[in-house]
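Chains A and B supply the protein sequences, listed in that same order.
Per my numbering, the very first residue in the first sequence carries number 600; after that it's consecutive.
Per my numbering, the very first residue in the second sequence carries number 189; after that it's consecutive.
Just so you know, even glycine gets a beta-carbon here, dropped at the ideal spot from N, CA and C.
Data first, discussion second: the structure below is written as structure tokens.
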Amino acid sequence: MTEKAPYIQVIDLDFEYPDGTQALKEINLEIVKGEFIALIGQNGSGKTTLSKCLNGLYKPTAGDIIVDGLNTKKSSIVQMVKRVGYVFQNPDHQLFNSNCWDEIAYGPRNIQLSDEEVKERVEEAIQVVGLPKIYHSEHPFFLSKGLRQRVAIASILALRPHVIIVDEPTTGQDMKQSLEIMDFLQDLNDKHGHTIIIITHDMPIVGIYARRVIAMAQARIMADGPTGEVFTQTEVLEKTFLAPPQITQLAQADPDLGFNPGTLTVEDMVGQFLEMMGRRE
Amino acid sequence: MNKTLLGYVPNESPIYAVHPFVKLFFLLIVSLFPMFVTAPDWNIGLMFVIIIFMWISRVNMKTLKIYVPVAISMGTIIFISYTVLGGTHPEFELLARVWGINFYWERVRDALVVYFRILPMIFTMVFFLSTSRERDIIVAMRSVKVPFVITYVFAMALRSAGMVLEDFQIVRQAEQARGFDPTGKSLPYKIRQYVMYMIPLFALSLRRSEEFTNALVARGYAFTGEFSKVKRADYILTHYSYKYFDYIFIALIGIAFIALLIFRYGFGYFLVEQSWLMRILHGAVS
Chain A
600 MTEKAPYIQV
610 IDLDFEYPDG
620 TQALKEINLE
630 IVKGEFIALI
640 GQNGSGKTTL
650 SKCLNGLYKP
660 TAGDIIVDGL
670 NTKKSSIVQM
680 VKRVGYVFQN
690 PDHQLFNSNC
700 WDEIAYGPRN
710 IQLSDEEVKE
720 RVEEAIQVVG
730 LPKIYHSEHP
740 FFLSKGLRQR
750 VAIASILALR
760 PHVIIVDEPT
770 TGQDMKQSLE
780 IMDFLQDLND
790 KHGHTIIIIT
800 HDMPIVGIYA
810 RRVIAMAQAR
820 IMADGPTGEV
830 FTQTEVLEKT
840 FLAPPQITQL
850 AQADPDLGFN
860 PGTLTVEDMV
870 GQFLEMMGRR
880 E
Chain B
189 MNKTLLGYVP
199 NESPIYAVHP
209 FVKLFFLLIV
219 SLFPMFVTAP
229 DWNIGLMFVI
239 IIFMWISRVN
249 MKTLKIYVPV
259 AISMGTIIFI
269 SYTVLGGTHP
279 EFELLARVWG
289 INFYWERVRD
299 ALVVYFRILP
309 MIFTMVFFLS
319 TSRERDIIVA
329 MRSVKVPFVI
339 TYVFAMALRS
349 AGMVLEDFQI
359 VRQAEQARGF
369 DPTGKSLPYK
379 IRQYVMYMIP
389 LFALSLRRSE
399 EFTNALVARG
409 YAFTGEFSKV
419 KRADYILTHY
429 SYKYFDYIFI
439 ALIGIAFIAL
449 LIFRYGFGYF
459 LVEQSWLMRI
469 LHGAVS
């Protein structure tokens with residue numbers, strides 16, 4: 600783990616829904632700038648609740664969350680959205696305007712920026728997500744799901760938050776679109792320096808893109824560490840009802856073969872294989 | 189916890205021992221009570237009885253506070269309709285004249301009567317929806333042989349209401365996540381922003397209704413035609429049976445309704461003229 604100062608600190612966090620459901624118990628974690636994190640776990644494990652706590656949509660029942668020095672309990676929603684953006688799982692829940700341009704401008708206008716700055720931020724967000732000009736005046740609801748997702752992400756980017764949380768970015772998308780969205784998120788992470796947190800059940804995607812994995816089950820964090828390391832903790836993963844990507848399982852199938860049990864991608868395995876063959880020769 | 193149409197009720201709630209038809213019967217009959225009662229005292233009493241039933245059923249009482257704005261806005265509209273827009277009535281007792289508007293005791297009284305008739309009906313509906321799941325409604329209606337197509341349309345309409353409420357919560361959060369903070373803003377600003385909720389809610393409802401339709405057709409559902417005449421197994425009904433206390437509840441609700449009618453029309457009870465609450469209020473404002 601990096602030694603940089605944490606951008607987000609979660610301290611003894613508990614969260615209980617009004618119906619009495621204990622969604623989070625004794626959560627402690629730190630997130631530093633520039634990380635690419637996957638939050639994994641079965642449905643109802645607390646992933647979405649935790650991420651909504653991180654951007655202040657939910658206030659902790661107990662404990663504290665400190666984001667960029669601000670306690671979410673005491674901060675306004677405007678302060679929080681400038682720091683942590685949240686892209687909802689279903690883009691249809693967050694499209695309020697009659698064309699894409701206004702949709703992306705909606706957030707900056709809400710935080711009362713000048714017209715010039717709104718325009719600048721919208722153009723910047725459009726450029727980053729690569730939304731073609733023909734769609735700028737289109738109603739967001741008539742776009743494909745992939746494009747709606749992009750508009751939703753652009754509308755969060757326009758607020759220029761440092762951390763972007765994306766809930767289930769690949770659900771309902773084919774492999775090509777999934778990879779496109781994930782490549783785009785990786786670009787945001789690599790080139791633009793955003794900290795990315797994805798919530799997903801898609802383990803191959805986690806293996807390819809995430810550098811850190813937080814595995815949750817029954818409202819608690821069961822494992823937290825580098826992706827390859829977490830995927831070797833098979834007992835812990837069993838508790839979360841998740842299995843590592845198939846390529847990782849293959850690498851772990853027979854330890855005598857000498858593959859790294861934390862192998863995450865096919866390329867990684869091919870590399871190891873070629874190295875082994877080279878050694879033999 | 190069991191998810192009901194308006195929230196969650198613990199599995200241990202005694203309400204689950206009651207046959208769903210009893211709950212539907214309670215809704216249909218008890219909602220009628222206030223129609224025959226003009227004295228607010230009795231209708232307020234009925235509201236307390238329903239609150240006690242909610243408490244016994246372990247409905248989360250904190251959720252009742254979400255109905256406070258509804259109750260206030262409804263009361264305001266009724267009061268304005270009866271007083272400000274109530275017209276000139278020289279035959280009535282004038283309480284006050286404000287900015288040229290006459291406030292008559294009879295109009296104030298009538299507004300209160302109407303308000304306290306509607307409130308218990310809403311409480312009864314909230315009690316029913318807070319303790320019933322969609323399948324309870326299907327079972328209740330099918331157990332009295334309401335046609336399948338009507339049962340499902342009714343149940344789906346109620347389910348949609350629940351879904352819209354859920355969507356509303358998510359859309360509200362999504363708007364907050366985009367920096368919308370109504371704190372300290374003017375009412376017109378808030379209204380303008382709240383109107384924006386309607387766009388995603390309508391779009392989601394349209395998409396969902398199309399999916400619903402396709403899913404139903406794919407499962408052989410038809411409102412008319414041969415499919416609608418097919419005899420159905422009603423497997424779900426096999427999970428429910430009437431117990432002796434179900435019959436007792438149905439009898440008690442029925443007897444209470446008949447007694448209400450007899451006392452109301454036979455002996456002239458439950459009239460606003462007999463209301464001690466109204467007498468006190470009249471004395472205070474006259």
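Which listed residue (the options) has its alpha carbon closest to that of residue i
i: A:P803; options: A:G792, A:H793 and A:M774; result: A:M774
i: B:T401; options: B:M344, B:L459 and B:I450; result: B:M344
i: B:S348; options: B:P208, B:K333 and B:L392; result: B:L392
i: B:I239; options: B:W464, B:P308 and B:Q357; result: B:P308
i: A:Q726; options: A:I752, A:D714 and A:E737; result: A:I752
i: B:A472; options: B:K373, B:R297 and B:Q364; result: B:R297
i: A:F695; options: B:Y204, B:Y453 and B:R360; result: B:R360
i: B:V256; options: B:I310, B:Y204 and B:G274; result: B:I310
i: B:I291; options: B:V272, B:V302 and B:L300; result: Sequence inspection shows Phe at residue 291 of chain B; the Ile mentioned does not correspond to that position. Checking every option, the nearest Cα to that of B:F291 belongs to B:V272.
i: A:G706; options: A:T839, A:V812, A:S754 and A:T826; result: A:S754
i: A:E779; options: A:Y808, A:E715 and A:T648; result: A:Y808
i: B:D434; options: B:H207, B:P198, B:I203 and B:V197; result: B:H207
i: B:L448; options: B:P198, B:A205 and B:N231; result: B:N231
i: B:P335; options: B:F368, B:Y432 and B:D422; result: B:D422
i: B:R365; options: A:P825, A:C652, A:A850 and A:H735; result: With the sequence shown as reference, residue 365 of chain B is identified as Ala, and Arg is not the correct amino acid for it. Residue A:C652 is the option with its Cα nearest to B:A365.
i: A:V765; options: A:I664, A:E866 and A:Q688; result: A:Q688
i: B:I265; options: B:G288, B:I289, B:L234 and B:L300; result: B:L300
DSSP-derived helix/strand/coil call for residue i
i: B:F241; result: helix
i: A:E615; result: strand
i: A:R810; result: coil
i: A:T601; result: Only weak support exists for where A:T601 lies, its pLDDT of 47 falling under 50; the coordinates are left without a value.
i: B:A284; result: strand
i: A:T833; result: helix
i: B:K250; result: helix
i: B:T371; result: coil
i: B:I438; result: helix
i: B:I468; result: helix
i: A:Q772; result: coil
i: B:R360; result: helix
i: B:R380; result: helix
i: B:V473; result: helix
i: B:Y423; result: helix
i: A:Q851; result: helix
i: A:N698; result: coil
i: A:N689; result: coil
i: B:I217; result: helix
i: A:Q785; result: helix
i: B:S463; result: coil
i: A:T862; result: coil
i: B:F451; result: helix
i: A:G877; result: helix
i: B:L234; result: helix
Identity of the residues DSSP links to residue i by a beta bridge
i: A:D766; result: A:I798
i: A:K638; result: A small fix is needed here, since residue 638 of chain A is Leu in this sequence, not Lys. Answer is A:I798 and A:I813, bridged to A:L638.
i: A:G824; result: A:V812
i: B:K191; result: B:Y196
i: A:V727; result: DSSP output for A:V727 lists no bridge partner at all.
i: A:R819; result: A:A816
i: A:G684; result: A:I763
i: A:I610; result: A:D663
Closer than 7 angstroms at the beta carbon, the chain E residues around residue i
i: B:V359; result: Within the model displayed, chain E is absent; protein chains A and B are what it includes.
message = Would the stretch 314 to 329 of chain B count as touching the stretch 190 to 200 of chain B if we require 3 or more Cβ pairs under 8 angstroms?
response = yes
What ranges does the alpha helix (DSSP H) occupy inside the stretch 321 to 354 of chain B, keeping only unbroken runs of at least 4 residues that lie completely in it?
322 to 331
Worksheet item: Is the stretch 744 to 764 of chain A close to the stretch 672 to 691 of chain A, with three or more CB pairs under 8 angstroms?
Response: yes
- prompt: Hey, is the stretch 216 to 228 of chain B in contact with the stretch 453 to 460 of chain B, meaning 3+ C-beta pairs nearer than 8 angstroms?
  reply: yes
Do the stretch 634 to 642 of chain A and the stretch 789 to 807 of chain A make contact, defined as three or more Cβ pairs closer than 8 angstroms?
-> yes
Quiz item: Would the stretch 659 to 667 of chain A and the stretch 610 to 617 of chain A be scored as touching if the rule is three or more Cβ pairs under 8 angstroms?
Solution: Judged by Cβ distances under 8 angstroms, the stretch 659 to 667 of chain A makes contact with the stretch 610 to 617 of chain A, as three or more pairs qualify.
Hey, which unbroken runs of the alpha helix (DSSP H) at 4 residues or more fall wholly within the stretch 621 to 682 of chain A?
646 to 653 and 676 to 680
- Whole runs of the alpha helix (DSSP H) within the stretch 732 to 768 of chain A, excluding any shorter than 4 residues: 744 to 756
Practice problem: Would you mind listing the beta strand (DSSP E) stretches within the stretch 254 to 303 of chain B that are 3+ residues and don't spill past its ends, in chain order? | Solution: 282 to 286 and 289 to 292
Q.
For the structure I just gave you, are there three or more beta carbon pairs, one from the stretch 206 to 219 of chain B and one from the stretch 312 to 320 of chain B, closer than 8 angstroms?
A. yes
- Would you check if the stretch 602 to 611 of chain A and the stretch 780 to 791 of chain A touch, i.e. whether three or more CB-CB distances between them fall below 8 angstroms? no
Check: Below 8 angstroms, can you find three or more Cβ-Cβ pairs linking the stretch 267 to 285 of chain B to the stretch 829 to 848 of chain A?
Finding: no
message: Would the stretch 811 to 820 of chain A count as touching the stretch 638 to 653 of chain A if we require 3 or more Cβ pairs under 8 angstroms?
response: yes
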